[in-house]
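Top to bottom, those sequences are chains A and B. The number in the numbering used here is simply the position in the first sequence, starting from 1, with 1098 added. The number in the numbering used here is simply the position in the second sequence, starting from 1, with 2 added. Every residue, glycine too, gets a C-beta built ideally from N, C-alpha and C. Here the structure is a predicted model, which means the values were calculated and not measured.
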Amino acid sequence: MTRTDDKENRKIAAAKKMRDIMTTYYLDALSASQNNRQVAWITSGGPVEPLVAMDIIPVYPENHGAMIGSSKMGEDLCSKAEEMGYSTDLCSYARADIGCAVVQGGPIGGLPKPDMLICCNNICGTVLKWYEVQARYYDVPLFILDTPVCHTGYFPETAAYVKAQITEYIGFLESVTGKKMDMDRMNQVGHLSLEGQKLWQQVLKTTAHKPSPMSAFDAFFFLALIVTLRGTRTAVDFYRELLTEMEDRITRNISIVPEEQYRLLWDNLPVWHRLKWLSQKFSDHKACLVADTYTSAWCGAIQYIDPENFLDSIAQAYTRIYLNIGIDQMADQILDMIAFYDVHGLVMHSNRSCKPYSFGQMDIMNIVRKKAGIPVLMLEADMVDPRSFSQSQIDTRIDAFMEIIQHKNRPHTRVGPQTDTGRKAGAR
Amino acid sequence: MISAGIDIGSITAKAALVDDGTLVATRIIFTGYNPAAAAREVFAALLSQTGIPEASVRRIVATGYGRASVDFAHKTLTEIICHGAGAHFLDPDVRGVIDVGGQDSKAILLDANGQVENFAMNDKCAAGTGRFLEVMAQALQIPLDQMGEISLGAETPVKISSICTVFAESEVISMIARQKNRRDIAAGIHISTAARVASLAGKIHLGPPVVMTGGVAKNKGMVKALEDRLGYTITVGAMPQENGAVGAAFLAAGI
Ligand code: SF4
């Protein structure tokens, strides 16, 4: 088989469909006002289902930020925000979005103007100020859902506090749209949301197979639907199809990385502007990033969702997401993934932008090294801003990391000849 | 069997020859602007110095930032693995390496077999590298290779607070203007660089016995500042700059 044939063979067919769905989704959103539909901007971890139930089109500045990053437009838009006075220390999703709102730039000429903003701080504190800025800029109402951190557990006070806000949230939507929430429809959406999340989880779990039918780089791409179209039939149907394709690949033993030899786990957001380079880099070492902590966050709270009592149960499900739990719990989840996916090493992206994700990585690294005994690599970068990425440094680090993994997994080899032939160097 | 290691650094190119587990000789030259040519040159110089014909060298490993341009190497390996191996062969008891070169610095943790357990490298900037010291030596108008000696006589080292090389340079210049003692400034520079390097060591829990390699290991002031900061003594081998090439040559024997 030629190289191109081989590459063609390994391609995931569902990718085209996914692209079409996303195009339709963005076209719908961009033409919403012409079709008398309302648009809500919402944070990636926010409860989107009530919006879907009320026929409001949810739009995600973070997903848009990822598109800006992938299309390498991050530097320009971030600089624009910096010119406006925002600090380079601010999350690059926020900078790119704020810059983009002003210049209407980016890959799709900017997001549609919002009719309302929904901000849930379960992912970070940055979104609070970011959404306040945008609420002022567009002069639209803002709803803030405050989910207290649950570093050690979920307590009755927290439950009551968040549940009360979910009720307020529905009230807010009813007042902005001037419509009543249809509870039957809400229930339907709740079922679809759960079903979609379960399918997404099953898709992600297929990579436990050796060799892996897809990689984290594919998951970063296929993630978009469970984020943007969670709670819709479209997402459910698509992930069912994707799952079938993955199962078929497993039966036919088609791996995404040719001759997969090493399996790795990725932590933190992707480096959107270097996906191709990174994927090739690891592939050259016959290494597949089989799983990651990021894409699994969109199915990580399934156990708390009760489809029969959806609105009440999402209070807990949206509060206990990955970024809102404690470091020890994060480390436990990572250790579980290391065992489940049977990986040789962990790659941590220390992300200049995302403080809640990157803070604590050092501790997690130590825990993983101690308990799982696998090598851990820390890469300093930024998901959108290429100015925080130094290619030659990262290149060397990945090479060295892979050399360590190769040595560790080559049984009974020592580095070079026996030590007794070594010469003692003269001390200073 | 004879094997060779070629280490192309940002400032110097190094080569080493190993014969059946024994180090034969090393050579060091300036890299210049053409790393590929420097690699050939340093290798040729080493061969003529030892009288060993090229055909007798069975395996060659290239390392260092210019490793990819060494077209006659059989394999490339990163500086991290090679420095670890070099340190281990020269002293099997060593469990940690601190390497400070021209454009980067790193800390390497070794297990009892000399395998690399973990490593940390400097961030995307020149602070904590040889380049930083070079800029500072220029600002102080003292030869780089004397800066270490001069700093040893310091009484009250100054405090340099900027991490950025450019800002630190202006800090130093303003200290010179205020007629601060050169010894004290030089010592302050070493202390600030040592703090950066020590944080790399801390990140991966490096502990003695630790050896220091790289060109900066020849700077006594820097070694002292690092020892003070880390709280333990550091060994400097006879050939700190050639360590990576030596490791590469030993590793070449095993490929
Ligand atoms: S700081 Fe992190 S969680 Fe918050 S918006 Fe930025 S990337 Fe998302």
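What first and last residue would you give for the beta strand (DSSP E) that runs through residue i?
i, result
"A:Met1481", "No beta strand (DSSP E) contains A:Met1481, which DSSP labels as neither H nor E."
"B:Thr158", "Where B:Thr158 is concerned, there is no enclosing beta strand (DSSP E), given that its DSSP letter is neither H nor E."
"A:His1505", "Looking at the DSSP string, A:His1505 is not in any beta strand (DSSP E); the run it does join, the alpha helix (DSSP H), is 1489 to 1506."
"A:His1447", "1443 to 1449"
"A:Ser1353", "Run containing A:Ser1353: none; DSSP gives neither H nor E here."
Could you tell me which residues DSSP pairs with residue i in its beta bridges?
i, result
"A:Ala1385", "A:Tyr1360"
"A:Cys1218", "A:Leu1243"
"A:Trp1139", "A:Val1157, A:Leu1215"
"A:Ile1465", "Partner(s): none; A:Ile1465 has no beta bridge."
"B:Ser5", "B:Val20, B:Arg61"
"B:Ile10", "B:Ala15"
"A:Cys1452", "None, per the DSSP bridge assignment."
"B:Arg29", "B:Ala17"
"A:Leu1475", "A:Val1445"
"A:Asp1365", "A:Met1446"
"B:Ala122", "B:Ala109"
"B:Gly236", "Rather than Gly, the amino acid found at residue 236 of chain B in this sequence is Ile. Answer is B:Val212, bridged to B:Ile236."
"A:Cys1248", "A:Ile1423"
"A:Asp1390", "A:Trp1364"
Applying the criterion that 16 or more other CB atoms from any shown protein chain within 10 Å of the CB defines a buried residue, is residue i buried or exposed?
i, result
"B:Ala156", "buried"
"A:Tyr1267", "buried"
"B:Ile236", "buried"
"A:Ser1129", "exposed"
"A:Gly1520", "Unreliable positioning characterises A:Gly1520 in this predicted model, as indicated by a pLDDT of 36, which lies under 50. The coordinate reading is nonetheless provided below. Label assigned to A:Gly1520: buried."
"A:Met1435", "buried"
"A:Ala1523", "Because A:Ala1523 sits at a pLDDT of 36, beneath the cut-off of 50, its placement in the model cannot be relied upon, and the following sentence gives the value as read from the coordinates. With 16 or more other Cβ atoms within 10 Å, it is buried."
"A:Asp1461", "exposed"
"A:Gln1414", "buried"
"B:Leu25", "buried"
"A:Asn1219", "buried"
"A:Met1312", "buried"
"A:Met1281", "exposed"
"A:Met1428", "buried"
"A:Thr1250", "exposed"
"A:Ile1341", "Correcting the residue type first, residue 1341 of chain A is Leu in the shown sequence and not Ile. By the neighbour-count rule (16 or more Cβ atoms within 10 Å), A:Leu1341 is buried."
"A:His1447", "buried"
"A:Asp1195", "buried"
"B:Val238", "buried"
"A:Asp1518", "A caution first: A:Asp1518 carries a pLDDT of 37, below 50, which makes its placement in the model unreliable, though a value can still be read off. That one is exposed."
"A:Ile1400", "exposed"
"B:Ser50", "exposed"
"A:Gly1471", "exposed"
Of the residues the options, which one's Cα is nearest the Cα of residue i?
i, options, result
"B:Asp113", "B:Asp125, B:Ala128, B:Gly86, B:Gly132", "B:Gly86"
"A:Ser1381", "A:Asn1285, A:Gln1359, A:Asp1365", "A:Gln1359"
"A:Glu1181", "A:Tyr1402, A:Val1201, A:Ser1169, A:Gly1167", "A:Val1201"
"B:Phe169", "B:Gly204, B:Val199, B:Ala129, B:Glu119", "B:Ala129"
"B:His76", "B:Arg61, B:Gly68, B:Thr167", "B:Arg61"
"A:Gln1136", "A:Ile1119, A:Gly1276, A:His1249", "A:Gly1276"
"B:Ala6", "B:Thr14, B:Ile13, B:Val20", "B:Val20"
"A:Ala1192", "A:Ser1394, A:Ile1140, A:Ile1324", "A:Ile1140"
"A:Met1152", "A:Phe1336, A:Gly1269, A:Ile1221, A:Tyr1402", "A:Gly1269"
"A:Leu1290", "A:Ser1142, A:Leu1475, A:Arg1347, A:Ala1333", "A:Ala1333"
"A:Phe1253", "A:Phe1336, A:Tyr1337, A:Arg1418", "A:Arg1418"
"A:Leu1321", "A:Pro1145, A:Lys1308, A:Met1165, A:Thr1494", "A:Met1165"
"A:Ser1451", "A:Lys1379, A:Ala1317, A:Val1388, A:Val1369", "A:Val1369"
"A:Lys1115", "A:Asn1107, A:Leu1323, A:Gln1263", "A:Leu1323"
"B:Ile165", "B:Ser153, B:Ile191, B:Ile187", "B:Ile191"
"A:Ile1348", "A:Ile1216, A:Pro1309, A:Asp1440", "A:Pro1309"
"A:Asn1507", "B:Val118, B:Ile30, B:Gly88", "B:Val118"
"A:Ser1190", "A:Gln1401, A:Asp1410, A:Ile1119, A:Arg1485", "A:Arg1485"
"B:Gly104", "B:Leu111, B:Val248, B:Arg133", "B:Arg133"
How far does the alpha helix (DSSP H) with residue i in it extend, from its first residue to its last?
i, result
"A:Arg1283", "1281 to 1303"
"A:Ser1313", "No alpha helix (DSSP H) contains A:Ser1313, which DSSP labels as neither H nor E."
"B:Met2", "Nothing about residue 2 of chain B can be reported from this structure: the residues present for chain B run from 3 to 257 only."
"B:Met177", "167 to 179"
"A:Asp1118", "1112 to 1128"
"A:Pro1148", "1147 to 1151"
"A:Gln1414", "1408 to 1417"
Of all Cβ atoms in chain D, is any one closer than 8 Å to the Cβ of residue i?
i, result
"A:His1505", "Structure shown: chain D not included; protein chains present are A and B."
* May I have a chain-ordered list of the alpha helix (DSSP H) segments no shorter than 4 residues that lie completely inside the segment 1174 to 1208 of chain A? => Entirely contained in the segment 1174 to 1208 of chain A, the alpha helix (DSSP H) runs reaching 4 residues are, in chain order, 1190 to 1201.
* Which runs of the beta strand (DSSP E) spanning at least 3 residues fall entirely within the segment 77 to 111 of chain B, listed in chain order? -> Within the segment 77 to 111 of chain B, the complete beta strand (DSSP E) segments of 3 residues or longer fall at 98 to 102, listed in chain order.
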